[in-house]
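As given, the protein sequences belong to chains A and B, one line each in that order. Counted the way the working numbering counts, the first sequence spans residues 210 to 527. Counted the way the working numbering counts, the second sequence spans residues 7 to 498. For glycine and all other residues, C-beta sits at the position ideal for the given N, C-alpha and C. Here the structure is a predicted model, which means the values were calculated and not measured.
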Amino acid sequence: MNFAKFKKASTGYFFLAPFIIGFLVFGLYPVVNTLTLSFTDATLMSGKSHFIGLGNFQRLFADEVFMRAVGNTWLLWILNFLPQIGIALLLSVMFTNVRLKIKAVGVWRALFFLPNLLMPAAVAALFNALFAYYGPVNQLMVRAGFLSEAMRFLESVGVTRGLVIFIQWWTWFGQTIIIVMAGMTSIPIQLYEAAMVDGANGWQMFRRITLPLLRPILIYVFVTSLVGGMQMFDIPFLLTDGRGSPQSSIQTNNILMYMKFASSKGHIGAASSVGVLIFIMTSLCALGIFYFLRDRDGVEKKPAKKSTLVKNMEKALL
Amino acid sequence: MRKSVLYVLSLLVVASMLLVACGTTPAAPAATEAPAATDAPAVTEAPAATDAPAAELEGTLNVWSFTNEIRTMAIAFQGKHPKVKVVYTMIPMTNGEYQTKVKAASGTADSPDVVALEAAFVKEWVESDLLMDLNDLVPLTEQLKTYPAVVQVGTYDGVTKAFSYQATPGAFFYRRSIAKECLGTDDPQQVQAMVADMDKFVETAAKIKACGTGDYYTVGTGAELFTPYLANRAQPWVVDGKLVIDPKIVEYVHFAKMMRDNGYESGATQWTEGWFAGMNDTLKDANGTPKKVFSYFLPTWGLPYVLSPNSTPKDGGTSTAGDWAMVNGPMSYQWGGTWVGVLEGSPNSELAKEFVKFVALDEENLTNWATGVYTNEYLKAIDPTTPDDQAQAAGDFVSSQLVVEKITSSFDNSTLSEFLGGENSYGAFAAAAPSVDGSFLTGSDDAIQRALNDPLAAYLSGTMTEAEMWAAWLDAVRNEFPDLIIPEPPVK
Chain A
210 MNFAKFKKAS
220 TGYFFLAPFI
230 IGFLVFGLYP
240 VVNTLTLSFT
250 DATLMSGKSH
260 FIGLGNFQRL
270 FADEVFMRAV
280 GNTWLLWILN
290 FLPQIGIALL
300 LSVMFTNVRL
310 KIKAVGVWRA
320 LFFLPNLLMP
330 AAVAALFNAL
340 FAYYGPVNQL
350 MVRAGFLSEA
360 MRFLESVGVT
370 RGLVIFIQWW
380 TWFGQTIIIV
390 MAGMTSIPIQ
400 LYEAAMVDGA
410 NGWQMFRRIT
420 LPLLRPILIY
430 VFVTSLVGGM
440 QMFDIPFLLT
450 DGRGSPQSSI
460 QTNNILMYMK
470 FASSKGHIGA
480 ASSVGVLIFI
490 MTSLCALGIF
500 YFLRDRDGVE
510 KKPAKKSTLV
520 KNMEKALL
Chain B
7 MRKSVLYVLS
17 LLVVASMLLV
27 ACGTTPAAPA
37 ATEAPAATDA
47 PAVTEAPAAT
57 DAPAAELEGT
67 LNVWSFTNEI
77 RTMAIAFQGK
87 HPKVKVVYTM
97 IPMTNGEYQT
107 KVKAASGTAD
117 SPDVVALEAA
127 FVKEWVESDL
137 LMDLNDLVPL
147 TEQLKTYPAV
157 VQVGTYDGVT
167 KAFSYQATPG
177 AFFYRRSIAK
187 ECLGTDDPQQ
197 VQAMVADMDK
207 FVETAAKIKA
217 CGTGDYYTVG
227 TGAELFTPYL
237 ANRAQPWVVD
247 GKLVIDPKIV
257 EYVHFAKMMR
267 DNGYESGATQ
277 WTEGWFAGMN
287 DTLKDANGTP
297 KKVFSYFLPT
307 WGLPYVLSPN
317 STPKDGGTST
327 AGDWAMVNGP
337 MSYQWGGTWV
347 GVLEGSPNSE
357 LAKEFVKFVA
367 LDEENLTNWA
377 TGVYTNEYLK
387 AIDPTTPDDQ
397 AQAAGDFVSS
407 QLVVEKITSS
417 FDNSTLSEFL
427 GGENSYGAFA
437 AAAPSVDGSF
447 LTGSDDAIQR
457 ALNDPLAAYL
467 SGTMTEAEMW
477 AAWLDAVRNE
487 FPDLIIPEPP
497 VK
């Protein structure tokens, strides 16, 4: 590359520099550092550390603790993601539907989004107090006759998992609605009008127009939610004892990593090995999502993301 | 082009490796240089320090703790040394946040100078290379007759790195009115005879349960007896890199199960609303039936910090103050306590050392601390920005036998004695303190003990069998201690 060419493009490089530097320092360096640490027995409490090869990883698979954490994470994520995307799609369709003409859509959207503004710490503390043995939920349920005696909610695997799933769903579905609605409103209304003229019903329009054109948005929601879900930490950490109690049923990947990091000597080497495995697992899954949800006809033909119905309608319009 | 990309990438990798090396090994050189580093300034600055009066001290000191207690001393320290500024940071330790935060900060630019260390994790730090050698303060402990266990806990391999202002023998607090009603007497000596060992304690628990309409629990939770059981083990948790499950631990687990199954405990979790409510008779079960708790296992600090403040209901009902009495209970034990140490690499190590000396080894400060001199007005006169609730009430049990002997009689008519129906708690603690043993504390205690809570809770509520409980606990311990050898579970 000669100098004149570089000079011409230099403004561009200057504008790119902050991101590149930021990425190298805060993105690439931690990843490389974590990878390096995961092969050592480094601790926070002593300066010496040794290379121990795959020792940390071997230990992770020596008992079921790590695999249980992975299983917990997937379970908690899938069970909150499915209703989240389902409700978000349903409500978004209702809000953007030309026929229904729901009033004050902005207000509803804001109301659904509000839980997302609450601090996870506050939400977790609130639910912890509500469902305590001597807490208000027990008082209410027993006095109303739903329970014969007070129940140890937070010592029950089902209830505690249910609470985590509910809180995650409740705080995040509003955010998903906003993104999905933005995607839906960007679909040209003429397509729906044309479909109506052709006698398509609501389900057909959703299936043949909305879903295909929404695919990039759905992939985005899917992948960001997956990445967030695999790193689920604050709510399960704070809801019970910070160790994924009861019976480690809400002990997620990140809680396990944190426990290793926070244990007596601060075993950062062992904690890093968990981080590395989460990183690999999340990356593979995200790539998988991209692969399976890729636009299959878009590969050969240029005008992408359109089903035959849409194409026919476009022809009709033009 | 491609070659240059590779070149840049490989450079990056090398650079990040270097950064890694820098990032993880700051303590290594510090550890090897430590003796030299602490000796050198001591030699050069010592004459200056003795020539000039102490008021010459100046600088800014970063102090971290997990409660607001030491803030009171920090303000008093500033009163003594007006040129010193103490920046105080409080981080709670409910789920281990404080411990993690200090670990993560040590060795970085955000590292505090002085850290408070609780009994559960002080040994981790004393056994590490991260605390400064404070051996030259040890002669002061002889002058003050500091209880040996207190110094022992702060010492590892002959080097003392942390000191405490407290000694923390434990006790058994019970409600006089319930004792009279169910046991026929509220006299401390007679009640002590009824709970003198664990068999008698269980007999008494059955009497309390059968008494009246059955609305009495002997304790808030059986977990309160964990510390007494721990104190009576024959071996510490870790011996030669191997986890030891002492018979006392197994005994404790069976005891806790028995308490739960027989309804001798309220089922409240320690340090939660329900547990505190028992201290002021506002505990109600889900049906709204009032329940009463007969006794609490608490150490020295439990009286002024936990029991006394919680004896009045939040909505202003009748206080239980005056209805309490204190005896030794079935087992002697010690519980908790706060040590202070100086982090290696502190830029203000001399000032930090002075602060530790003031907090733990200063006769005047310890006397003021224990006798309630540090009122809110006193502190506000030094620092007007002091929060309104910052103060130190009389009654904390201090680590110096010299001070204890001088001030014990001053508690004969104090509010705390009134709280105990006229009993001088200070005198009782003074009798128990010299026999306390700190040799069983190890650096791994905190994590090992916390790992037991969840499996034990599952076992108590019947969702796990005993064998499953032991297995779950050992799995948890194994995952937090990669190097520890884990024995077979006691029950399979």
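In angstroms with no decimal places, state the Cα-to-Cα distance between I388/A and V351/A.
Here the question's residue 388/A lines up with position 179 in the first sequence. Here the question's residue 351/A lines up with position 142 in the first sequence. Whole-angstrom Cα-Cα distance: 41 Å.
Can you tell me which residues form a DSSP beta bridge with F179/B?
Reading the second sequence from its first residue, position 173 is the one you call residue 179/B. Answer is Y302/B, M332/B, bridged to F179/B.
Give me the subset of the segment 465–493 of chain A whose CB atoms are less than 9 Å from a CB atom of chain B, sorted by chain position.
L465, Y467, M468, K469, F470, A471, S472, S473, K474, G475, H476, I477, G478, A479
So what does S71/B bridge to, in DSSP terms?
Against the second sequence, residue 71/B aligns to sequence position 65. S71/B pairs with M96/B.
V69/B vs V92/B beta-carbon contact at 9 Å
In the second sequence, residue 69/B corresponds to position 63, counting from 1. In the second sequence, residue 92/B corresponds to position 86, counting from 1. Against a cut-off of 9 Å, the Cβ pair of V92/B and V69/B comes out as a contact.
Suppose only complete runs of 4+ residues qualify. What are the alpha helix (DSSP H) ranges in the segment 362–400 of chain A, listed by chain order?
366–394
Give a yes or no on contact between the segment 468–478 of chain B and the segment 269–282 of chain B, applying the rule of three or more CB pairs nearer than 8 Å.
no
How about L357/B and E64/B: do their beta carbons lie closer than 9 Å?
Here residue 357/B corresponds to residue number 351 of the second sequence, with the count starting at 1. Here residue 64/B corresponds to residue number 58 of the second sequence, with the count starting at 1. Yes, they are a contact pair.
Identify every residue that forms a DSSP beta bridge with F232/A.
Residue mapping note: residue 232/A aligns to position 23 of the first sequence, counting from 1. Partner(s): none; F232/A has no beta bridge.
I'd like the span of the beta strand (DSSP E) that includes L123/B, first residue to last.
Reading the second sequence from its first residue, position 117 is the one you call residue 123/B. L123/B -> beta strand (DSSP E) spans 120–124.
For S357/A, is the classification buried or exposed, using 16 other Cβ atoms within 10 angstroms of its Cβ as the cut-off for buried?
Here the question's residue 357/A lines up with position 148 in the first sequence. Under this definition S357/A is an exposed residue.
A453/B versus chain A: which residues are under 8 Å apart at the beta carbon?
As a first step, residue 453/B must be located in the second sequence, where it is residue number 447. Correct list: S472, S473.
Is any beta-carbon of chain B found at less than 9 Å from that of V366/A?
Along the first sequence, read from residue 1 onward, the residue named residue 366/A stands at position 157. Yes, its Cβ sits closer than 9 Å to a Cβ of chain B.
With a threshold of 9 Å between beta-carbons, can T449/A be considered close to chain B, or not?
Residue 449/A sits at position 240 when you count from the first residue of the first sequence. Closer than 9 Å: yes.
Same chain, Cβ closer than 6 Å to S117/B, five either side skipped, listed in chain order
By 1-based counting over the second sequence, the position of residue 117/B is 111. Excluding positions up to five away in sequence, the list reads A111, L349.
Tell me, please, which residues DSSP counts as bridged to K248/B.
Locating residue 248/B in the second sequence gives position 242, counting from the first residue. DSSP, once it has assigned bridges, lists V245/B, I491/B as partnering K248/B.
Our contact map puts Y343/A next to E279/B with C-beta atoms below 8 Å; I'd like the distance itself, whole angstroms only.
For the purposes of this step, residue 343/A is taken as residue 134 along the first sequence, with counting starting at 1. For the purposes of this step, residue 279/B is taken as residue 273 along the second sequence, with counting starting at 1. About 6 Å; that satisfies the 8 Å criterion.
For my contact list, I459/A and F442/A are in at a C-beta cut-off of 8 Å; report their separation, rounded to the angstrom.
Here residue 459/A refers to the residue found at position 250 when the first sequence is read from its first residue. Here residue 442/A refers to the residue found at position 233 when the first sequence is read from its first residue. Actually they do not touch by this definition, with Cβ atoms about 11 Å apart.
Quick one: is F340/A near chain E, going by C-beta distance under 9 Å?
Among the protein chains of the structure shown, namely A and B, there is no chain E.
Given that M470/B touches chain A, what residues does it touch there, using C-beta distances under 7 Å?
If you number the second sequence from 1, residue 470/B lands on position 464. Simply Q456.
Whole angstroms are fine: how far does the CA of N293/B sit from the CA of L448/A?
For the purposes of this step, residue 448/A is identified with residue 239 of the first sequence, where counting begins at 1. For the purposes of this step, residue 293/B is identified with residue 287 of the second sequence, where counting begins at 1. Distance between the alpha carbons of L448/A and N293/B: 25 Å.
Selection of the segment 259–278 of chain A by Cβ proximity to chain B, strictly under 7 Å
R268, D272, V274
Per-residue DSSP class, three states only, for P353/B:
What you label residue 353/B is simply residue 347 of the second sequence in a count that begins at 1. Coil, per DSSP.
Note down the Cα distance separating A457/B from L326/A, rounded to an integer number of angstroms.
Sequence index remark: in the second sequence, residue 457/B carries index 451 (1-based). Sequence index remark: in the first sequence, residue 326/A carries index 117 (1-based). Whole-angstrom Cα-Cα distance: 33 Å.
Leaving out five residues before and five after G449/B in sequence, what residues of the same chain have Cβ atoms less than 7 Å from its Cβ?
Along the second sequence, one-based indexing puts residue 449/B at 443. Taken in chain order, the residues that qualify are K129, E130, E133.
Of all the alpha helix (DSSP H) runs that stay within the bounds of the segment 448–513 of chain A, which reach a length of 4 or more residues?
462–471, 477–501
Could you check whether the Cβ of G343/B sits closer than 9 Å to any Cβ belonging to chain A?
The residue you call residue 343/B lines up with position 337 of the second sequence. No, G343/B does not count as interfacial toward chain A.
Cα-Cα, which of A278/A, L400/A, D504/A, S482/A is closest to V241/A?
As a working note, residue 241/A is residue 32 in the first sequence. With distances taken between Cα atoms, V241/A lies closest to S482/A.
Contacting positions in the segment 180–201 of chain B - beta carbon closer than 9 Å to chain A:
none
So R484/B contacts chain A; which residues on that side make the cut at Cβ distance below 9 Å?
Counting from one through the second sequence, the residue named residue 484/B turns up at place 478. Within 9 Å Cβ-Cβ: R268, A271, D272, V274.
Buried or exposed for L496/A, going by 16 or more other Cβ atoms inside 10 Å?
Numbered from 1 along the first sequence, position 287 holds the residue referred to as residue 496/A. The residue in question, L496/A, is exposed, as its Cβ has fewer than 16 Cβ neighbours within 10 Å.
Closest to A297/A by CA distance: which of G354/A, A278/A, R277/A, F322/A is it?
By 1-based counting over the first sequence, the position of residue 297/A is 88. Considering only alpha carbons, the answer is F322/A.
Are the beta-carbon atoms of D450/A and D460/B separated by less than 9 Å?
For the purposes of this step, residue 450/A is taken as residue 241 along the first sequence, with counting starting at 1. For the purposes of this step, residue 460/B is taken as residue 454 along the second sequence, with counting starting at 1. In this structure, D460/B lies closer than 9 Å to D450/A by Cβ.
Measuring CB to CB, does W341/B end up less than 9 Å from F425/B?
Along the second sequence, read from residue 1 onward, the residue named residue 341/B stands at position 335. Along the second sequence, read from residue 1 onward, the residue named residue 425/B stands at position 419. Cβ atoms of W341/B and F425/B: not closer than 9 Å.
Thinking C-alpha only, which one of Q198/B, S355/B, M265/B, T227/B is nearest S338/B?
The residue you call residue 338/B lines up with position 332 of the second sequence. Of Q198/B, S355/B, M265/B, T227/B, the residue nearest in Cα terms is Q198/B.
Determine the contact status of A177/B and A155/B, defining contact as a CB-CB distance below 9 Å.
For the purposes of this step, residue 177/B is taken as residue 171 along the second sequence, with counting starting at 1. For the purposes of this step, residue 155/B is taken as residue 149 along the second sequence, with counting starting at 1. No, these two residues do not count as a Cβ contact at 9 Å.
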